[in-house]
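Residue numbers (the numbering used here): 3 to 640.
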């Protein structure tokens with residue numbers, strides 16, 4: 003028979019269940035929702051619904067609905083689901099979220115969908131009979147991933163009888179998991195983590211079987227912070243000192259926003275560093291034809307009508323990344339670092355090892371691995387290199403040597419020297435500075451990212467600085483006190499949000515002028531080697547670091563990255579406190595009531611004061627996609 007209308011309970015449930023909404027999340031598969039940085043702890047909206055049928059008439063979102071189901075009678079029940087796009091219904095054996103089982107679902111690839119109330123399109127939509135007991139409550143969880151189209155979701159049930167019919171589960175049978183009405187968005191400890199939905203922040207990123215890019219492949223440089231450094235005393239007077247004054251260093255102030263056109267990119271040794279991720283770059287035929295005879299063959303060979311099945315040809319190895327120019331890397335936002343050939347890098351490595359073996363203290367060390375070689379070219383004059391080698395001592399101890407050297411291009415054989423006053427400090431304190439207002443979920447995520455870095459590296463010389471423009475949705479200081487961080491500083495500010503003013507307030511909290519400031523934003527996913535990367539690309543009085551971040555497309559994630567390099571952005575910058583003070587700090591007068599352009603203005607002053615800018619596409623450094631709806635109280639974004 004059909005499912006009867008439920009009677010009133012002696013202790014009636016509240017008639018509603020929790021619903022968490024995750025906006026700005028493209029794609030139709032639940033994997034895209036689960037891989038979202040903010041899922042499942044940081045939804046955009048926390049609300050409730052009174053029946054298990056929703057149609058918000060929106061796009062690019064995910065839903066997580068959870069609560070308790072109260073069966074009216076003891077019997078076997080059959081569940082069904084219908085949705086556009088993919089969805090899942092999970093049910094516990096009791097009231098505990100730990101005992102969930104997936105009963106029904108619509109699709110797994112993002113391409114499956116059904117019409118409203120269409121429960122028979124896929125075999126996975128209808129469950130096997132489940133025995134439920136009267137007066138017990140059962141925890142359940144529903145997930146929906148909506149891309150575009152007519153959005154809807156229905157969970158229905160029926161008694162397992164011959165004449166049973168499906169009906170949507172309504173309020174009389176439902177109750178809340180948690181009353182969230184009095185909680186701040188920053189309160190997340192109550193949110194259940196289950197087999198269906200759990201925090202993936204600290205889980206290693208798996209290598210997908212069919213990845214289109216090299217970004218997420220394992221690379222020794224990702225964990226370079228684990229290497230023990232060779233004692234600096236062994237490298238004293240390692241090379242003769244040479245005057246270092248590159249021709250590209252500016253000696254005078256430049257015009258407004260000219261600096262962005264004057265910064266050069268670097269050459270890296272490995273072709274497995276930061277190539278495209280799920281994107282393909284098309285190169286102009288007239289550029290390629292001059293380089294590769296194979297493509298000339300394809301272009302010039304006349305092909306008649308129809309296929310030529312017996313046609314064969316020869317081909318030479320092609321490394322597109324090693325052929326690209328700085329112009330391509332700057333203009334093509336899907337091109338990664340310029341790759342240096344091994345034929346260029348290895349003479350530098352051999353010259354380095356020759357010097358190593360010429361000294362009594364280091365003669366017994368042998369090369370285990372070339373970890374990294376980074377080149378900064380100065381026309382035809384010479385090049386500066388960062389050489390990082392993993393060595394092994396006669397006793398079998400592994401150590402890392404990481405050092406800047408200089409070589410004149412005209413010299414044969416290669417002779418290295420040590421550029422005067424140009425070395426990095428492996429123990430410098432790094433202050434990560436961010437200004438915020440009313441973005442609780444992103445603030446917590448930022449703190450979690452910093453905890454992730456500290457947990458992986460154990461680096462005590464990390465300090466987090468948060469400047470808060472009187473946020474109302476989270477107690478940031480309380481959260482910082484609970485955080486697993488070596489140190490932090492916090493300051494509250496009044497008035498409208500100001501990025502320049504907030505960052506300068508954070509800068510002013512730093513007393514040690516020989517420490518490094520890293521000016522950053524929210525919405526970022528950090529590689530665990532970020533502190534090491536900042537240190538070795540900042541040289542006091544000489545060089546600042548502006549890593550290039552990957553902007554993720556809507557629906558992409560660090561686990562499945564797709565997007566473009568933000569080649570024109572300089573808002574993420576590492577600089578010594580002494581250098582920041584010398585160039586005048588942030589422009590708080592001109593950018594008091596707006597933001598946008600302050601990074602280019604700062605870059606102008608960096609270059610105009612004779613500092614180099616190190617620019618590298620940094621692996622595993624992502625800017626998460628988000629809309630700007632309701633971001634700040636102040637709407638004067640430039």
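Even glycine gets a Cβ: it sits at the ideal position worked out from N, Cα and C.
- Counting C-beta pairs with one atom in each stretch, the region 384 to 400 and the region 463 to 478 have fewer than three that are closer than 8 Å, which means they do not touch.
- By the neighbour-count criterion, in which a residue is buried when 16 or more other Cβ atoms sit within 10 angstroms of its Cβ, residue 591 is exposed.
- Cβ neighbours of residue 602 within its own chain (closer than 7 Å, five residues either side excluded): 259, 261, 262, 572.
- Remark: C-beta atoms of residue 556 and residue 627 approach each other more closely than 7 Å.
- Ranked by Cα distance from residue 357, the options 381, 412, 630, 403 are led by 403.
- For the set 80, 443, 52, the Cα lying nearest the Cα of residue 164 is the one of 80.
- The C-beta separation of residue 374 from residue 393 comes to about 14 Å, leaving the pair out of contact by the 8 Å criterion.
- In the three-state reduction of the DSSP assignment, residue 265 falls in the coil class.
- When Cβ pairs closer than 8 Å are counted between the two stretches, the region 182 to 200 is seen to touch the region 138 to 151, the count reaching three or more.
- Cβ contact annotation for residue 610 (same chain, cutoff 7 Å, sequence separation greater than five): 252, 254, 255, 256, in chain order.
- Residue 520 is positioned such that its CB atom lies no closer than 7 Å to that of residue 509.
- Straight-line measurement puts the Cα of residue 444 at about 22 Å from the Cα of residue 148.
- Residue 540 and residue 607 have their C-alpha atoms some 16 Å from each other.
- With contacts defined by Cβ atoms closer than 7 Å, residue 115 and residue 86 form a contacting pair.
- Around residue 75, the same chain offers 136 as residues with beta carbons nearer than 6 Å, after the five sequence neighbours per side are excluded.
- When rounded, the separation of the alpha-carbon atoms in residue 123 and residue 185 is 40 Å.
- Where residue 444 is concerned, the enclosing alpha helix (DSSP H) starts and stops at 442 to 459.
- With the rule of 3 Cβ pairs closer than 8 Å, the region 492 to 501 does not count as touching the region 419 to 434.
- Distances from the CA of residue 31 to each of 52, 624, 111 were compared; the closest alpha carbon is that of 111.
- Contact annotation, residue 565 with residue 554: C-beta distance approximately 4 Å; criterion of less than 8 Å satisfied.
- Comparing alpha carbon positions, the residue from 120, 18, 483, 183 closest to residue 175 is 18.
- Linking residue 376 to residue 55 through their CA atoms gives a straight-line distance of about 57 Å.
- With a cutoff of 7 Å on beta-carbon distance, residue 518 and residue 430 are scored as near each other.
- In the same chain as residue 151, and ignoring 5 residues on each side of it, the C-beta atoms closer than 6 Å to its own belong to 86, in chain order.
- For residue 582, the three-state secondary structure derived from DSSP is helix.
- Distance from the CA of residue 49 to the CA of residue 250, rounded to the nearest whole angstrom, comes to 57 Å.
- In this structure, the beta-carbon distance from residue 69 to residue 24 does not fall below 7 Å.
- Counted as a single uninterrupted DSSP element, the alpha helix (DSSP H) harbouring residue 602 occupies residues 600 to 610.
- Residue 90 has 107, 145 as its beta-bridge partners, per DSSP.
- Separation of residue 406 and residue 109 (C-alpha to C-alpha, rounded to the nearest whole angstrom) is 54 Å.
- Nearest to residue 550 by alpha-carbon distance, out of 617, 314, 340, is 617.
- When DSSP reads this structure, residue 231 sits in a beta bridge with 402.
- Under the three-state reduction of DSSP output, residue 615 falls in the strand class.
- Inclusion of residue 82 and residue 128 in the CB contact set at 7 Å is warranted, their separation being smaller than that value.
- Bounds of the alpha helix (DSSP H) holding residue 532 are 532 to 538.
- In this structure, residue 188 places its C-beta atom within 7 Å of the C-beta atom of residue 442.
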